[in-house]
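The opening position of the sequence shown corresponds to residue 1 in the UniProt record's numbering, with each subsequent residue numbered one higher.
Just so you know, even glycine gets a beta-carbon here, dropped at the ideal spot from N, CA and C.
None of these values were measured; they are calculated from a predicted model.
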Amino acid sequence: MANLLDHFAAAVDRHPDRMAIIEGTDRTITFQQLQTRAHQLARKWHHKGIGQGDRVLLAMPVNADLYASLAALWSLGATVVLPEPAMGLAGLRHAARSTRPKAFCASGYFALLSVMVPELWGLRLLVPGDGRGDLPAAAVQDSDVALISFTSGTTGQPKAIPRSHAFLMAQHDAIAPLLDSDAVERDLVAFPVFTLINLAAGRTTVLPNWKMSKLDRLDPKQLSVWICDQQVTRALLPPSLCEKLAQCTEVGALHTVFTGGGPVFPDLIQRLRDTANLNVTCVYGSTEAEPIAHLDARDISDSDQQLMTEGQGLLVGYPVERIKLRVRDDEIQVAGAHVNEGYLDPAHSKENKIHEGAIIWHRTGDAGRLDEQGRLWLWGRLGSDVKTPMGRIFPFAIEVAARQWPGVTCSALVSIGGRAVLCVQGDVGHLSTWRIHTHGFGVSDVVHVNTIPMDQRHRSKVDRGELIRLVGS
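Written as structure tokens, this is what we have:
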């Protein structure tokens with residue numbers, strides 16, 4: 001079975017001089033140059049004693065060297081451990097404690113952490129550089145663990161997720177059809193997994209020229225200039241960045257947007273479509289299963305819009321072909337080759353996996369339903385539903401609808417002291433109108449807030465725990 005390294009090598013043979021990665025600093029690297037760089041690193045780290053099955057904790061800026069390092073370590077048969085970037089130093093320390101790596105691979109100021117962080121003491125330090133000698137023979141097996149990454153930790157301590165080379169190829173096979181194009185595209189990519197897919201396909205990736213940890217500070221003009229200067233034709237962005245994109249007055253050759261990593265509300269989709277008539281595809285998934293479902297915005301009917309306005313939830317489209325999906329007790333559960341079968345800690349697997357014969361179902365923790373057409377609708381996280389005089393209600397039922405009300409920019413339904421409270425960010429001058437609308441959902445309490453706190457990973461999901469703390473204090 002071919003793996004991502006095999007597909008990348010084939011892409012190099014087809015397009016050696018095509019740009020593989022354009023960094024945020026405007027530095028470029030071709031497919032041939034990226035492969036050469038990976039070979040140099042593999043030689044160097046082979047002589048540092050890295051080999052089959054060794055775990056290597058990696059901390060680098062998101063640039064070409066990051067992807068060259070991944071290729072180099074994989075070619076040696078090593079397992080790359082990627083800490084949760086949104087957690088910063090705490091995420092790095094958690095990754096080191098959870099996986100007990102043999103080495104720490106870092107560049108720039110990240111390398112200084114090897115002497116500053118106790119969990120990294122005693123690990124072999126790998127830094128980028130040229131290596132001499134023969135290139136070691138590839139030692140990759142389909143069943144070998146290629147990556148250990150982590151859940152975001154928004155609902156508890158981040159869980160370590162091992163991914164084999166076979167799993168990464170299954171994920172590639174599930175995602176690749178969504179990104180396939182007969183044209184020569186230049187993709188602005190904010191999700192590392194899609195950069196891997198592009199490298200395997202021989203497609204150019206333009207990396208962000210802003211800090212992903214400070215998305216809320218990005219000036220839409222900076223985004224617009226970067227898209228135009230780099231002749232970007234497609235963008236793969238979280239909803240928070242799509243909000244910025246919707247404010248851009250010039251998008252150059254951009255014609256398509258893929259978005260996910262958080263709820264994509266219909267009003268945002270409409271604003272994106274109004275921006276230079278952009279095509280929009282929404283992708284729903286999770287860290288353990290990406291993708292699960294997808295939705296072409298052109299397929300959203302007037303009836304679908306009306307149902308979302310009336311409180312039926314958020315439409316996310318048809319399940320992808322390579323996945324099994326069911327709803328049990330309101331919970332969305334999935335299985336398939338690109339669905340993670342277990343966590344590094346077996347205790348986490350007991351909580352989130354259901355074994356039924358040869359099938360392992362993953363409990364997403366998301367609530368929703370399938371409609372008569374087989375499309376998936378989201379309601380919110382299990383346990384996020386709140387009690388009202390009209391019965392229990394999930395957040396998306398009212399939050400999706402609220403985005404259509406005058407003056408609303410963001411909203412979140414939470415339970416405070418046993419009361420259902422809709423927190424609204426927007427023009428407080430419309431507060432009386434918001435209260436009229438919420439009564440129709442059985443919610444009587446509406447609170448205006450200046451800013452609704454969002455998750456640290458993509459700033460696209462409401463941090464409900466922090467919101468309850470702020471409003472309830």
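Within 10 Å of its beta-carbon, does residue i have 16 or more other beta-carbons around it, so buried, or fewer, so exposed?
i: E351; result: exposed
i: M212; result: buried
i: G374; result: exposed
i: A2; result: exposed
i: H355; result: exposed
i: K353; result: buried
i: R457; result: buried
i: H439; result: exposed
i: L89; result: exposed
i: R14; result: exposed
i: S149; result: buried
i: G285; result: buried
i: K244; result: buried
i: residue 505; result: Because residue 505 is not part of the residues shown, which for the chain are 1 to 473, the question remains open.
i: W434; result: buried
i: I29; result: buried
i: R27; result: exposed
i: E372; result: exposed
i: W379; result: buried
i: A42; result: buried
i: E466; result: exposed
Beta-carbon separation of residue i and residue j under 7 angstroms?
i: E23; j: N63; result: yes
i: G442; j: P389; result: yes
i: W377; j: G368; result: yes
i: I332; j: T364; result: yes
i: V145; j: P162; result: yes
i: V421; j: V447; result: yes
i: I398; j: L413; result: yes
i: P136; j: H46; result: yes
i: V424; j: S411; result: yes
i: L314; j: P263; result: yes
i: L147; j: V189; result: no
i: C282; j: L272; result: no
i: I227; j: V251; result: yes
i: A207; j: R459; result: The residue asked about is misnamed: residue 207 is Leu in this sequence, not Ala. Not closer than 7 angstroms, so no.
i: T309; j: Q404; result: yes
i: I197; j: A183; result: no
i: L325; j: V334; result: yes
i: G129; j: K48; result: no
i: G426; j: T451; result: no
i: A71; j: A38; result: yes
i: R419; j: D445; result: yes
i: G82; j: F104; result: The sequence shown places Leu at residue 82, rather than the Gly named in the question. No, these two residues do not count as a Cβ contact at 7 angstroms.
How close, in whole Å, do the beta carbons of residue i and residue j come, if the pair is a contact with beta carbons under 8 angstroms?
i: A200; j: S98; result: Actually they do not touch by this definition, with Cβ atoms about 28 angstroms apart.
i: D173; j: R322; result: 6 angstroms
i: L126; j: V56; result: 7 angstroms
i: Q40; j: G131; result: 5 angstroms
i: V386; j: S415; result: 4 angstroms
i: L92; j: V117; result: 7 angstroms
i: A96; j: M60; result: At roughly 15 angstroms, the Cβ-Cβ gap does not stay under 8 angstroms, so A96 and M60 are not in contact.
i: C248; j: L223; result: 6 angstroms
i: G202; j: P238; result: With a Cβ gap of about 25 angstroms, G202 and P238 do not count as contacting.
i: L254; j: L278; result: 7 angstroms
i: L178; j: P291; result: 7 angstroms
i: L370; j: V327; result: 6 angstroms
i: R186; j: V232; result: 5 angstroms
i: A297; j: V280; result: 4 angstroms
By DSSP's criteria, residue i is part of a beta bridge. Which residues make up the other side?
i: E23; result: Paired residues: none, contrary to the question.
i: C423; result: A412 and V447
i: F258; result: L236 and T281
i: T151; result: Looking at the DSSP assignment, T151 forms no beta bridge with any residue, so it has no partner.
i: Y318; result: H294
i: R163; result: L147
i: M454; result: V462
i: K244; result: None, per the DSSP bridge assignment.
i: Q333; result: R326 and R363
i: T205; result: I21 and D187
i: V386; result: I393
i: K353; result: H362
i: residue 496; result: Examination of residue 496 is not possible in this model, given that the chain is present from 1 through 473 alone.
i: V81; result: L57 and I148
i: V339; result: A289
i: I29; result: I21
i: R381; result: D366
i: L376; result: G317 and L370
Inset, instruction - Determine, using beta-carbon pairs with one atom in the region 133-151 and one in the region 74-84, whether at least three such pairs fall under 8 angstroms. - result: yes
Legend entry - Stretch pair the region 97-117 + the region 20-35: three plus CB contacts closer than 8 angstroms: no
Inset, instruction - Please confirm if the region 164-173 is in contact with the region 259-270, defined as three or more CB-CB distances below 8 angstroms between the two stretches. - result: no
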